[in-house]
Amino acid sequence: MSLPNITRLPHLRLLSSIHHQQLLLPFIPPLSVPRRTVIQGNYRRPGQPKDDRLPWEKINFNFSKGLEGIKKQFTLLKKEFTDRWVGPEGKPILDHMLEQNQVVWEFRGPESLEQWTVSSDSEIGGQSEVYLKIGKNNNTCLLYGTLSSTPPKDGETRYSGYCTMRSKQPLASFDRKKHFDWSNFNTLHLRVRGDGRPWMINITAATYFSHHRDDMYSYFLYTRGGPYWQDVKIPFSKFFLTHRGRIQDNQHPLWLDKINNIGFTLGDKVDGPFQLEIDYIGVCKDYAHTEEFAYELYQGKQSS
Amino acid sequence: MNPYVLAILLFGLGLGTTITFASSHLTTAWMGLEINTLAILPLMAQHHHPRAVEATTKYFLTQATAAAMLLFATTTNAWITGQWDIQQITHPLPMTMLPLALALKIGLAPLHAWLPEVLQGLDLTTGLILSTWQKLAPFALLLQIPPHNPNMLIILGLTSTLVGGWGGLNQTQLRKILAISSIAHLGWMILVLQFSPSLTLLTLILYFAMTFSTFVVFKINKSTNINSLATSWAKTPALTAIIPLVLLSLGGLPPLSGFMPKWLILQELVAQGLLPTATITAFSALFSLYFYLRLSYAMTLTISPNTPMGLTPWRLHTHQSTLPLAVCTMTTIALLPLTPLSITLFTP
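Just so you know, the protein sequences line up as chains C and E, in that order. Going by numbering that gives the first Met the number 0, the first sequence opens with residue 0, and the numbers climb by one from there. Going by numbering that gives the first Met the number 0, the second sequence opens with residue 0, and the numbers climb by one from there.
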């Protein structure tokens, strides 16, 4: 609308013109299915081919697979019941008391990769690539790829260039979420072989409120590039709280009795290939480490 | 916490329970319960850790639901019978809803699911207040409501003792174990409520003494799981020697005081002709005894081999008063010979 039209005073004809305009709009009946789902389909991970089949063609009814699924869930349920007779979490109490080290994830075969998921900024349209495979001799896992910090051309993203690997949350019978209980331990022990890049280790714990969903406890992992393996021990008291990548002012220690996932992220703004080889990830109890939380919260005395 | 705020909250806790004790009108009783709930919420969330806030929220939601159910039963009773007296409830609907609302308040099975999670999110002192003081007011009401549905209370009690036994088998977290032990003890108390309310009161008082001792010992040792309990021999050797007796008293072993309520309750159940109930309850006590025994085993009967001798924790002089702990521990261990006296004192 040009400027002189706006400055004209509205009169009755304007009202009728509005009414007339509305009649020109097509009548959209309310749908039971949201419109966007019908047109666009559900979220498609970048790199995966488009699935243009009609909904009834996507049904995959496999009786034997269903039976296998039922058997698996009931086996897990039976294991949950019978484990209690052995001891807490299926281990005798003496094992709990004597345990000073526990290997939580180790990569000894292709099936160990199923517990992990990788992601990179190609999800938002960037150009990084990340792959995960089992290393030589089925003894390690290799996270490799290329980092590219070119931001996607969508007009709103300013920074880009990250790759990450995250463990899947353990599931009990019938897909209920299970948590790791690491309250007997106080240190994270990793055996890694990196390429000199600085990585970030992220641990997520169980949350209740939806605004805590993206709460993560992070710490740095500086890798040496050499051919020698690196044993990294990070006390859990050093992990600081971040939310969606931003360090929070109100810090609190990580509670170890309900841990969900661990993840490794690379986002050091350096373009180029990267590699991280992990042998195992474990937790251990260091009796000499008595620090409860590394970061203090001061309420500074205000000068009057 | 600001000492004035702490004083107000503790005063509010005391006030709430006292109002419920002193009330004969159902609405006044409900008010006392609400004051109790509201006063403890800031105490629970004072550390602002997300888990503490989660525990506070879960506690608030369950207690508010229970209070709403209580108020609904109250108003239904007033609508039907025209009066608000606690001891004159006659219609079956409020007489069924009131015990259920109070069962949710104290955490009886099958309304117990909130208790382990809530206790796990709290520090030990607030957990102690939750396990002991917060049970007084609902029990004051439960003792006054005339019994209507005998089966309901027995089912609540049996389920609680069974859940209290079964649920503790998988736990290594001490606060969850104490929550589950609370469920079991409350089950024992409810079983005998309609036959001998004085026995319920006796069990409640002894349960307070036992739980107080346990919580304070865990607080002194700063331990929240079985593993850290295993190194308590290096911190407080004298306490480590006495605590198995407290734990076995919780489990109901003679010749400790914890046996007294269990014995008298079983005797009363048998006298009322409820032999299968009594047998099932006695067997479920074995489950509970198993995990108390496990705690004593971990704490006293083993010396953790992987504590390097050069790194035993500092034995710092504790600043908290040990007199309450001493009194409660002696009550927990040594009072069984006074059973005839307690029968005389508690029977009308």
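Beta carbons: idealized from backbone N, C-alpha and C, even for Gly. Note that this is a predicted model, so its numbers are computed, not measured.
Same chain only: Cβ atoms within 6 angstroms of residue i, ignoring 5 sequence neighbours per side
i, result
"residue 110 of chain E", "102, 103"
"residue 173 of chain C", "72"
"residue 320 of chain E", "none"
"residue 166 of chain C", "114, 115, 260, 261"
"residue 141 of chain C", "132, 134, 276"
"residue 13 of chain C", "Only weak support exists for where residue 13 of chain C lies, its pLDDT of 49 falling under 50; the value from the coordinates is given anyway. Once the five neighbours on either side are set aside, residue 13 of chain C has no close Cβ partner at all."
"residue 139 of chain E", "19, 20"
Residue i versus the options, residue with shortest Cα-Cα distance
i, options, result
"residue 159 of chain E", "E:185, E:171, E:72, E:174", "E:185"
"residue 178 of chain C", "C:144, C:193, C:254", "C:254"
"residue 124 of chain C", "C:135, C:115, C:106, C:156", "C:156"
"residue 318 of chain E", "E:220, E:61, E:189, E:112", "E:220"
"residue 139 of chain C", "C:158, C:108, C:241, C:154", "C:108"
"residue 327 of chain E", "E:214, E:288, E:261, E:293", "E:214"
"residue 305 of chain C", "C:212, C:183, C:162, C:110", "With chain C covering 0 to 303 only, the question about residue 305 of chain C has no answer from this structure."
"residue 207 of chain E", "E:177, E:252, E:340", "E:177"
"residue 48 of chain E", "E:89, E:120, E:21", "E:120"
"residue 148 of chain C", "C:271, C:198, C:168", "C:271"
"residue 191 of chain C", "C:134, C:60, C:121", "C:134"
"residue 216 of chain C", "C:230, C:250, C:188", "C:250"
"residue 337 of chain E", "E:282, E:263, E:165", "E:263"
"residue 234 of chain E", "E:61, E:38, E:216", "E:216"
Buried versus exposed, by CB contacts within 10 Å (16 or more), residue i
i, result
"residue 273 of chain C", "buried"
"residue 4 of chain E", "exposed"
"residue 298 of chain E", "buried"
"residue 85 of chain C", "exposed"
"residue 256 of chain C", "buried"
"residue 242 of chain C", "exposed"
"residue 153 of chain E", "buried"
"residue 228 of chain C", "exposed"
"residue 20 of chain E", "exposed"
"residue 56 of chain C", "exposed"
"residue 102 of chain C", "exposed"
"residue 24 of chain E", "exposed"
"residue 31 of chain C", "In this predicted model, residue 31 of chain C has a pLDDT of only 47, less than 50, meaning its place in the structure is not dependable enough to derive any value."
"residue 4 of chain C", "Any answer about residue 4 of chain C is weak, because its pLDDT of 45 lies below 50 and its placement is not dependable; what the coordinates show is given next. Its Cβ having fewer than 16 others within 10 Å, residue 4 of chain C is exposed."
Opposing strand residues paired with residue i [DSSP bridges]
i, result
"residue 197 of chain C", "C:221"
"residue 170 of chain C", "C:176"
"residue 130 of chain C", "C:143"
"residue 233 of chain C", "C:187"
"residue 164 of chain C", "C:117, C:263"
"residue 245 of chain C", "C:242"
"residue 280 of chain C", "C:104, C:189"
"residue 204 of chain C", "C:258"
"residue 215 of chain C", "C:241"
"residue 84 of chain E", "E:24"
"residue 168 of chain E", "DSSP lists no partner for residue 168 of chain E."
Cβ neighbours of residue i in the same chain (closer than 7 angstroms, five flanking residues each side left out)
i, result
"residue 244 of chain E", "255, 332"
"residue 171 of chain C", "75, 79, 177"
"residue 141 of chain E", "98, 101, 192"
"residue 277 of chain E", "265, 268, 269"
"residue 143 of chain E", "85, 86"
"residue 72 of chain E", "93, 96, 97, 100"
"residue 137 of chain C", "107, 108"
"residue 288 of chain C", "185, 186, 234"
Neighbouring residues, chain E, relative to residue i (Cβ below 9 angstroms)
i, result
"residue 180 of chain C", "171, 172, 224"
"residue 242 of chain C", "Here the premise fails: no neighbours, minimum Cβ distance about 11 angstroms."
"residue 83 of chain C", "165, 168, 169"
Proximal residues of chain C, C-beta to C-beta of residue i below 8 angstroms
i, result
"residue 297 of chain E", "92, 96"
"residue 229 of chain E", "96"
Chain E contact residues for residue i, given Cβ-Cβ distances below 8 angstroms
i, result
"residue 143 of chain C", "Result: empty, since nearest Cβ-Cβ is about 35 angstroms, beyond 8 angstroms."
"residue 185 of chain C", "What residue 185 of chain C touches in chain E: nothing, since even the nearest Cβ is about 10 angstroms away."
"residue 211 of chain C", "49"
Under 7 angstroms from the C-beta of residue i: neighbouring residues of chain C
i, result
"residue 267 of chain E", "Going along chain C, no residue has its Cβ under 7 angstroms from residue 267 of chain E, so there is no contact; the nearest lies around 31 angstroms."
"residue 287 of chain E", "Simply none; closest approach about 14 angstroms."
Neighbourhood of residue i by C-beta, 8 angstroms cutoff - its chain only, sequence neighbours within 5 removed
i, result
"residue 7 of chain C", "In this prediction, residue 7 of chain C scores a pLDDT of 48, lower than 50, which makes its location untrustworthy; the coordinate-derived value is nonetheless stated afterwards. Same-chain partners within the cutoff: there are none."
"residue 294 of chain C", "239, 250"
"residue 78 of chain E", "none"
"residue 149 of chain E", "193"
Interface partners of residue i on chain C, CB under 9 angstroms
i, result
"residue 48 of chain E", "251, 252, 254"
"residue 301 of chain E", "93, 96"
Within chain E, partners of residue i - CB distance below 7 angstroms
i, result
"residue 297 of chain C", "Per Cβ cutoff of 7 angstroms: no residues; residue 297 of chain C is ~15 angstroms from chain E at best."
"residue 87 of chain C", "169, 170, 171"
"residue 206 of chain C", "49"
Residue i CB to nearest heavy atom of the ligand NAD below 6 angstroms
i, result
"residue 70 of chain C", "Only the bare structure without any ligand can be found here, which leaves the ligand NAD out of the picture."
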